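With this note's numbering applied, the sequence shown corresponds to residues 2 to 438, in that order.
Glycine residues also receive a C-beta, built at the ideal position from the N, C-alpha and C atoms.
No experiment lies behind these values; they were computed from the predicted model shown.
What follows is a single structure, written as structure tokens, with notes after it.
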Amino acid sequence: MVTILVGGQWGDEGKGKIIDLLSEKADMVIRSQGGNNAGHTVVNAGQEFRFHLIPSGILYPTTTCVIGNGVVLDPRVLLEEMQQVQSRGISIDRLVISDRAHLIMPWHPILDKLEEEQRGDDRLGTTWRGIGPAYADKIRRIGFRAGDLLKPRFLEKKLTFVLGKIKNPILEELYHVAPLDRQAILNEYTEYGERLRPYIKDIFPIVQDALARDGRVLLEGAQGSMLDLDFGTYPYVTSSSPTAGGALTGSGIPPSAVDLTIGVFKAYTTRVGYGPMPTELADTLGEQIRKIGAEYGTTTGRPRRVGWFDAVVARYSVALNGIRSIALTKLDVLDGFDPIRICTGYLSKGVLQTYPMSNISHLKHCEPVYEELPGWGASIACIRRPDAGRPRRVNDASGRTPGQPPLDTRAGRRRSAATWSCDSGTHFSRSTKARGD
Ligand code: IMP
Ligand code: MG
Numbered sequence: 002m003v004t005i006l007v008g009g010q011w012g013d014e015g016k017g018k019i020i021d022l023l024s025e026k027a028d029m030v031i032r033s034q035g036g037n038n039a040g041h042t043v044v045n046a047g048q049e050f051r052f053h054l055i056p057s058g059i060l061y062p063t064t065t066c067v068i069g070n071g072v073v074l075d076p077r078v079l080l081e082e083m084q085q086v087q088s089r090g091i092s093i094d095r096l097v098i099s100d101r102a103h104l105i106m107p108w109h110p111i112l113d114k115l116e117e118e119q120r121g122d123d124r125l126g127t128t129w130r131g132i133g134p135a136y137a138d139k140i141r142r143i144g145f146r147a148g149d150l151l152k153p154r155f156l157e158k159k160l161t162f163v164l165g166k167i168k169n170p171i172l173e174e175l176y177h178v179a180p181l182d183r184q185a186i187l188n189e190y191t192e193y194g195e196r197l198r199p200y201i202k203d204i205f206p207i208v209q210d211a212l213a214r215d216g217r218v219l220l221e222g223a224q225g226s227m228l229d230l231d232f233g234t235y236p237y238v239t240s241s242s243p244t245a246g247g248a249l250t251g252s253g254i255p256p257s258a259v260d261l262t263i264g265v266f267k268a269y270t271t272r273v274g275y276g277p278m279p280t281e282l283a284d285t286l287g288e289q290i291r292k293i294g295a296e297y298g299t300t301t302g303r304p305r306r307v308g309w310f311d312a313v314v315a316r317y318s319v320a321l322n323g324i325r326s327i328a329l330t331k332l333d334v335l336d337g338f339d340p341i342r343i344c345t346g347y348l349s350k351g352v353l354q355t356y357p358m359s360n361i362s363h364l365k366h367c368e369p370v371y372e373e374l375p376g377w378g379a380s381i382a383c384i385r386r387p388d389a390g391r392p393r394r395v396n397d398a399s400g401r402t403p404g405q406p407p408l409d410t411r412a413g414r415r416r417s418a419a420t421w422s423c424d425s426g427t428h429f430s431r432s433t434k435a436r437g438d
């Protein structure tokens with residue numbers, strides 16, 4: 002049974018909480034894209050764990066946690082996370098790192114920041130973690146892979162070429178900053194290789210074996226569909242594919258093996274970084290939601306932009322990812338609001354659009370069309386069953402036949418309309434807060 006979990010909006014939908022819930026029942030959890038631009042905090046038995054790279058399934062004694070080939074891995078950050086887990090007496094023996102995963106090298110965060118500075122007013126608002134430059138090098142075929150860490154002589158040769166011929170000339174001649182020291186990097190990364198050696202493997206046979214045994218495999222997504230390199234608001238996107246398709250290429254799982262794709266959506270919209278966001282509330286209402294929902298990126302501390310639920314985005318994500326089940330988070334943040342608005346279309350140049358336009362200038366200038374619903378004027382923190390009518394509107398507006406819950410294709414059964422999550426509730430054995438950007 003393969004389940005893909007994706008973020009349906011611009012990231013920070015509260016995926017961590019749902020992943021944590023599903024990980025408990027998974028034999029294998031795979032991270033397939035992104036890097037330490039993402040992250041979340043898990044609070045387990047009063048202990049707080051911060052994860053940017055290791056799947057939170059590591060807290061369960063039998064779950065194999067895989068860092069897939071599609072991830073860009075900062076070995077320093079990974080080792081810190083491993084240390085964090087081990088120091089609390091939790092084994093990391095079940096961690097596997099794909100030898101095909103690309104590495105964040107010391108020049109990547111430096112270039113990320115320098116490129117952003119060069120863009121000036123047109124900057125993207127990246128997390129400065131070196132994600133874009135690392136994926137760019139992967140595509141340019143000058144990337145370093147986790148497997149390279151185990152071959153010091155190969156590493157040295159490649160470093161001589163990439164640093165000496167490409168990166169240092171760029172740093173010195175283009176940006177007029179100090180060059181990086183080849184020997185220091187070689188020493189640092191060789192040491193990382195020694196420490197990570199037991200975990201770096203070819204994951205292909207391991208994943209195939211799990212599929213052959215019909216193991217419960219969970220592909221945990223990072224970021225969100227609107228940050229997808231192809232289908233997001235380019236260029237205001239991340240450099241990976243946080244969609245169901247990306248989850249497959251990032252892990253080596255064939256499309257035919259997928260049983261279910263779950264989309265996580267927040268009951269309103271947030272975005273960090275720049276780029277169009279049609280339902281943005283740049284007023285006191287937005288400020289109120291930000292405060293109540295604690296919408297601040299905790300990796301970079303940036304306040305998240307806040308807006309109403311955008312069913313145009315949700316409809317697009319449902320179609321793009323083949324989402325069959327929606328987990329709606331942070332609904333309780335809207336407890337005190339009346340009315341509550343849902344954007345059902347965009348008016349652009351006099352035409353009603355039902356999907357986000359590829360032209361980001363049109364997206365930036367469109368007028369959102371809203372449907373108003375009365376607020377419920379009470380705390381829903383104690384509600385445990387999906388019997389209130391309101392969230393069903395989210396489900397319907399996201400592209401499902403009105404009144405009909407999504408069809409579970411595997412069994413031909415009707416599934417419940419939404420997987421429920423209540424941020425302040427005790428529905429979950431452990432509480433998880435969004436972390437990272
Ligand atoms: P990058 O991924 O650091 O290159 O940043 C590119 C864009 O993606 C920026 O707008 C970031 O704020 C956004 N972004 C990257 N990772 C996350 C995330 O985990 N949650 C929300 N936004 C993110
Ligand atoms: Mg996040």
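Check: Under a CB-based cut-off of 7 angstroms, is VAL3 close to chain D?
Finding: Among the chains of the structure shown, chain D does not appear; only one protein chain is present.
Item checked: Three-state class that DSSP yields for SER362 in the structure shown -> Looking up residue 362 in the sequence shown gives position 361. Three-state DSSP puts SER362 in a helix.
Checklist line | ASP311 beta carbon near ligand 1 (any heavy atom closer than 6 angstroms) | finding: As a first step, residue 311 must be located in the sequence shown, where it is residue number 310. Checking the Cβ of ASP311 against ligand 1 gives no.
Next item on the list: Would you give the residue range spanned by the alpha helix (DSSP H) that VAL44 belongs to?
Entry: The sequence position of residue 44 within the sequence shown is 43, counting from 1. Element bounds for VAL44: not the alpha helix (DSSP H) but the beta strand (DSSP E), 39-45.
Checklist line | Collapsed DSSP secondary structure at ARG385 in the structure displayed | finding: Stepping through the sequence shown from its first residue, residue 385 is reached at position 384. In the structure shown, ARG385 sits in coil (DSSP, three-state: anything other than H, G, I, E or B).
Checklist line | Inter-stretch contact (C-beta, 8 angstroms, three-pair minimum) for the region 151-159 and the region 115-131 | finding: no
Note to self: What does the alpha-carbon distance come out to for the pair VAL86 and ARG51?
What the structure shows: For this step, residue 86 is matched to residue 85 along the sequence shown. For this step, residue 51 is matched to residue 50 along the sequence shown. Each residue's alpha carbon lies about 9 angstroms from the other.
Notebook entry, point to check: Using 8 angstroms as the Cβ pair cut-off and three pairs as the minimum, do the region 193-203 and the region 213-233 touch?
Noted result: no
Margin query: For the alpha helix (DSSP H) containing ALA137, name the first residue and the last one.
Written below: To locate residue 137, count along the sequence shown from 1; it is residue 136. Here the alpha helix (DSSP H) through ALA137 covers 132-141.
Notebook entry, point to check: Are the Cβ atoms of THR271 and GLU288 separated by less than 7 angstroms?
Noted result: Reading the sequence shown from its first residue, position 270 is the one you call residue 271. Reading the sequence shown from its first residue, position 287 is the one you call residue 288. Cβ distance not < 7 angstroms, so THR271 and GLU288 don't count as in contact.
Margin query: Let me check you understand the geometry: is the CB of ASN37 closer than 6 angstroms to at least one non-hydrogen atom of ligand 1?
Written below: Translated into positions along the sequence shown, residue 37 becomes position 36. It does not: the Cβ of ASN37 is nowhere closer than 6 angstroms to a heavy atom of ligand 1.
Notebook entry, point to check: Hey, would you say the C-beta of GLY69 is under 6 angstroms away from at least one heavy atom of ligand 1?
Noted result: As a first step, residue 69 is located in the sequence shown; it is residue number 68 there, counting from the start. Not under cutoff, so the answer is no.
Margin query: Pull the bridge partners of PRO369 from the DSSP assignment, please.
Written below: In the sequence shown, the residue the question calls residue 369 occupies position 368. DSSP lists TYR347 as partners of PRO369.
Check: Is it the case that the CB of ASP1 approaches a heavy atom of ligand 1 more closely than 6 angstroms?
Finding: Residue 1 is absent from the structure shown; the chain starts at 2 and stops at 438.
Margin query: So, with DSSP's three-state summary, where would you put VAL273?
Written below: As a working mapping, residue 273 is identified with position 272 in the sequence shown. Residue state, collapsed to three classes: coil.
Notebook entry, point to check: Is VAL273 near ligand 1, in the sense that its beta carbon is under 6 angstroms from a heavy atom of that ligand?
Noted result: Translated into the one-based positions of the sequence shown, residue 273 becomes position 272. Yes, the beta carbon of VAL273 sits closer than 6 angstroms to at least one heavy atom of ligand 1.
Next item on the list: Would you kindly report the start and end of the unbroken alpha helix (DSSP H) that includes LYS159?
Entry: Taking the first residue of the sequence shown as 1, we reach residue 159 at position 158. Looking at the DSSP string, the run of the alpha helix (DSSP H) that includes LYS159 is 153-162.
Item checked: PRO407 to THR285 span [Cα, whole Å] -> Taking the sequence shown and counting its residues from 1, one reaches residue 407 at position 406. Taking the sequence shown and counting its residues from 1, one reaches residue 285 at position 284. Any reading at PRO407 must be qualified, since the residue scores a pLDDT of 43, below 50, and its modelled position is unreliable; the value itself is stated next. Roughly 36 angstroms between the two C-alpha positions.
Note to self: Which of the three DSSP states is assigned to THR285 in this structure?
What the structure shows: Residue 285 sits at position 284 when you count from the first residue of the sequence shown. Helix at THR285.
Next item on the list: Starting from ARG316, trace the beta strand (DSSP E) both ways and give me its first and last residue.
Entry: Indexing the sequence shown from 1 puts residue 316 at position 315. Note, ARG316: premise wrong, no beta strand (DSSP E); alpha helix (DSSP H) at 312-322.
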